[in-house]
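Comments concern the structure below.
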Amino acid sequence: MSEQVLKISQFNVDFWVDGVWYPAVIDMNLELNAGKVTAIVGESGSGKSTTALGLMSLLASNARVSGSVKVKDEEMLNAKALTLRHFRGKEVAYIFQEPMTALNPVYTIGFQIIETLRNHFDMGPTQAHARALELLKMVDIPDPEKSINKYPHQLSGGQRQRAMIAQALACDPGLLVADEPTTALDVTVQAEIL
Numbered sequence: 334m335s336e337q338v339l340k341i342s343q344f345n346v347d348f349w350v351d352g353v354w355y356p357a358v359i360d361m362n363l364e365l366n367a368g369k370v371t372a373i374v375g376e377s378g379s380g381k382s383t384t385a386l387g388l389m390s391l392l393a394s395n396a397r398v399s400g401s402v403k404v405k406d407e408e409m410l411n412a413k414a415l416t417l418r419h420f421r422g423k424e425v426a427y428i429f430q431e432p433m434t435a436l437n438p439v440y441t442i443g444f445q446i447i448e449t450l451r452n453h454f455d456m457g458p459t460q461a462h463a464r465a466l467e468l469l470k471m472v473d474i475p476d477p478e479k480s481i482n483k484y485p486h487q488l489s490g491g492q493r494q495r496a497m498i499a500q501a502l503a504c505d506p507g508l509l510v511a512d513e514p515t516t517a518l519d520v521t522v523q524a525e526i527l
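Under our numbering, the first residue of the sequence shown is numbered 334, with each subsequent residue one higher.
Next comes the structure, spelled out in structure tokens:
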């Protein structure tokens with residue numbers, strides 16, 4: 334049997350709006366094992382993105398969470414900042430819905446991937462640059478040697494999505510959360526990315 338990478342128990346998320354708590358996720362339970370693909374499906378506003386962001390405490394400050402979220406048997410809810418920093422990117426990585434807002438516009442895509450690598454591994458700049466190029470090639474970014482030095486606004490929507498996927502895969506995470514990763518893309522680009 335494969336290793337359990339995620340266990341969510343009695344997970345609840347509420348948002349404080351105008352003096353009232355509004356429930357967004359109610360009593361969610363889920364277990365994921367390594368090597369498995371699981372989809373959370375629901376209507377718009379049903380809590381899919383809220384669940385994804387809540388896994389690693391990435392929700393807005395007006396959110397309240399309860400229950401348990403364990404990644405490799407380590408509790409994430411109310412975990413210390415250092416614990417969350419270790420697990421984010423290295424153990425759990427995200428591919429967000431909109432890469433234009435997820436990627437930092439003032440840094441090149443190469444810098445952002447290299448920064449991710451160097452924050453989580455004892456890796457020099459040359460080695461990190463080589464790995465970033467390898468990742469960009471893996472996700473089929475056109476002309477990776479030039480694209481590594483481009484800013485997000487210099488790439489098409491599909492290329493930005495690929496760059497964000499490369500960054501998410503950089504640390505070879507045990508759990509990859511993809512929040513509608515192809516929503517903003519045309520059908521042909523969606524098929525290529527999936």
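Each residue gets a CB set at the ideal place from its N, CA and C atoms; glycine is no exception.
> Can you list, in chain order, the residues of its chain whose CB lies under 6 angstroms from that of Phe420, leaving out five sequence neighbours each side?
Replying inline: Working through the sequence shown from its first residue, we reach residue 420 at position 87. So the qualifying residues of the chain are Val404.
Going by other Cβ atoms of all chains shown within 10 Å of its Cβ, with 16 needed for buried, is His397 buried or exposed?
-> Translated into positions along the sequence shown, residue 397 becomes position 64. The sequence as given places Arg at residue 397; His does not occur at that position. Arg397 is exposed by the Cβ-count criterion.
For Glu478, does the count of other Cβ atoms within 10 angstroms reach 16, so buried, or fall short, so exposed? Numbered from its first residue, the sequence shown carries residue 478 at position 145. The residue is exposed, with fewer than 16 neighbouring Cβ atoms inside 10 Å.
* For Met433, the three-state DSSP class (helix, strand or coil) -> Taking the sequence shown and counting its residues from 1, one reaches residue 433 at position 100. DSSP places Met433 within a helical segment (H, G or I) once states are collapsed to three.
- Query: With DSSP run on the structure shown, which of helix, strand or coil describes Val353?
  - Reply: One-based indexing of the sequence shown puts residue 353 at position 20. Three-state DSSP puts Val353 in a strand.
Discussion item. Which residues does DSSP list as the beta-bridge partners of Ser401?
Written reply: Counted from its first residue, the sequence shown places residue 401 at position 68. Ser401 is bridged to Ser342.
Notebook entry, point to check: Under the rule that 16 or more other beta-carbon atoms within 10 Å means buried, what is Met471, buried or exposed?
Noted result: Here residue 471 refers to the residue found at position 138 of the sequence shown. Taking every protein chain shown into account, the CB of Met471 has fewer than 16 other CB atoms within 10 angstroms, so this residue is exposed.
Give me, in chain order, the residues of the same chain whose beta-carbon lies closer than 8 angstroms to that of Glu364; leave out the 5 immediate sequence neighbours on both sides. Mapped onto the sequence shown, residue 364 falls at position 31. Same-chain partners within the cutoff: Gln337, Leu339, Lys340 and Ile341.
Note to self: I'd like the list of long-range same chain contacts for Ala465, defined as Cβ closer than 8 angstroms, with 5 residues on each side in sequence excluded.
What the structure shows: Against the sequence shown, residue 465 aligns to sequence position 132. Within the same chain, Cβ atoms closer than 8 angstroms to the Cβ of Ala465 are found at Gly443, Ile446, Ile447, Leu450, Ile481, Ala499 and Ala503, the five residues on either side in sequence being excluded.
First and last residue of the alpha helix (DSSP H) that includes Ala372? Here residue 372 is taken as the residue at index 39 of the sequence shown, counted from 1. That residue, Ala372, is in no alpha helix (DSSP H); it is neither H nor E in DSSP.
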